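Written out below as structure tokens is the structure these notes cover.
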Amino acid sequence: MKIYRPLKPIKAMTFDLDDTLYDNGPIIRAAEAALNVHLKKHHPAAANLAPADWKKIKADLIKANPALASDMGQLRMQSLLTALSDELAEHDLETAAKACFDYFYDKRSDFEIEQNIHALLAELAQKIPLIAITNGNVDPDKVGIADYFTHFFHASVDLPMKPAPALFEAAMEKLTCSPEHILHIGDNLIKDVQGAINAGMQTAWYAHDRGMIMRQEKATVLPSIELHSLDELLLLV
């Protein structure tokens with residue numbers, strides 16, 4: 004553990020999920036590949052779209068409705084509706100797009116979190132309140148972490164992505180302690196650390212998906228602490 008700022012007593016913690024508790028990149032790539040197999044079977048025209056085509060669909064949707072950039076679920080659903088619109092009649096379109104979305108969402112959350120992470124969260128949850136705040140849309144019930152957290156907040160059109168303050172503020176509203184006694188743990192030094200500092204929280208930097216080399220990161224501020232292992236959080240409560 005590296006300490007960059009004096010720590011005040013910690014009475015609650017908020018956690019990022021993707022790339023903090025698990026390596027999210029391979030999970031998303033596997034889910035994308037599974038969706039493509041599903042599309043080839045049921046909607047070959049959409050399956051033949053190139054990555055650049057999907058990228059343009061998303062860019063056009065965000066341009067028309069910038070709030071979609073904060074809602075990965077709605078953005079994917081709208082992208083599927085657009086991609087399938089050329090081959091399906093309107094009365095079949097929403098049902099087909101929802102089936103594709105549900106298939107992807109199931110695969111997106113089809114993984115196991117390491118047992119040491121389960122043990123850590125279970126022990127922390129016995130000591131202080133834990134709240135999850137994520138820019139992604141993993142299913143906490145399917146991956147088995149729902150019972151550790153008192154609340155889950157996902158970025159959406161109504162709760163813009165971190166580092167915007169909305170997710171942090173939503174968590175703080177559920178806690179009785181002041182922000183300076185909340186520790187936010189996340190992998191991203193801008194979205195998580197900068198966002199939490201702006202909200203008045205203390206911060207812990209931990210990345211599950213990569214080596215943590217501060218000079219290689221894009222950052223404008225230092226966290227309160229840098230963790231070598233998430234288990235070090237037990238030393239703080």
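For reference, each letter of the sequence shown is one residue, going 4 to 240 in the working numbering.
For every residue, glycine included, the Cβ atom is placed at its ideal position computed from N, Cα and C.
Note that the structure is predicted; figures quoted are calculated from it, not measured.
Rounded to whole angstroms, the separation of the alpha carbons of residue 58 and residue 13 is 42 Å. Non-local C-beta neighbours of residue 75 in its own chain, meaning closer than 7 Å and more than five positions away in sequence, comprise 139, 140, ordered along the chain. DSSP places residue 234 in the helix class (H, G or I) of the three-state scheme.
Residue 156 and residue 170 do touch by the CB rule: their CB atoms are close to 5 Å apart, below 8 Å. C-alpha of residue 91 to C-alpha of residue 37: approximately 21 Å in a straight line. Distance check between residue 208 and each of 22, 15, 11 places 22 closest, using alpha-carbon atoms only. Bounds of the alpha helix (DSSP H) holding residue 45 are 27-45.
Taking the C-beta atoms as reference points, residue 19 is found nearer than 8 Å to residue 188. Assigned with DSSP and collapsed to three states, residue 179 falls in coil, not helix or strand. Residue pairing by DSSP places residue 113 opposite no residue, since no beta bridge is assigned to it. With respect to residue 205, residue 11 sits close: the two C-beta atoms are nearer than 8 Å. Between residue 237 and residue 17, the alpha-carbon positions lie close to 14 Å from each other.
Pairing residue 149 with residue 192 gives a Cβ-Cβ distance that is not under 8 Å. The distance from the Cβ of residue 34 to that of residue 107 is about 6 Å, consistent with a contact at the 8 Å cut-off.
Using a Cβ distance threshold of 8 Å, residue 142 and residue 26 do not count as a contacting pair.
Residue 160 places its beta carbon less than 8 Å from that of residue 77.
Taking 8 Å as the cut-off, the beta carbon of residue 226 is found no closer than this to the beta carbon of residue 202.
Here the C-alpha atom of residue 135 lies approximately 35 Å from the C-alpha atom of residue 46. Separation of residue 116 and residue 145 (C-alpha to C-alpha, rounded to the nearest whole angstrom) is 10 Å. Here residue 198 is buried: its Cβ has 16 or more other Cβ atoms, across all protein chains shown, within 10 Å. Relative to residue 64, the option among 179, 109, 50, 79 whose CA is nearest is 79. Taken through DSSP and simplified to helix, strand or coil, residue 154 comes out as strand.
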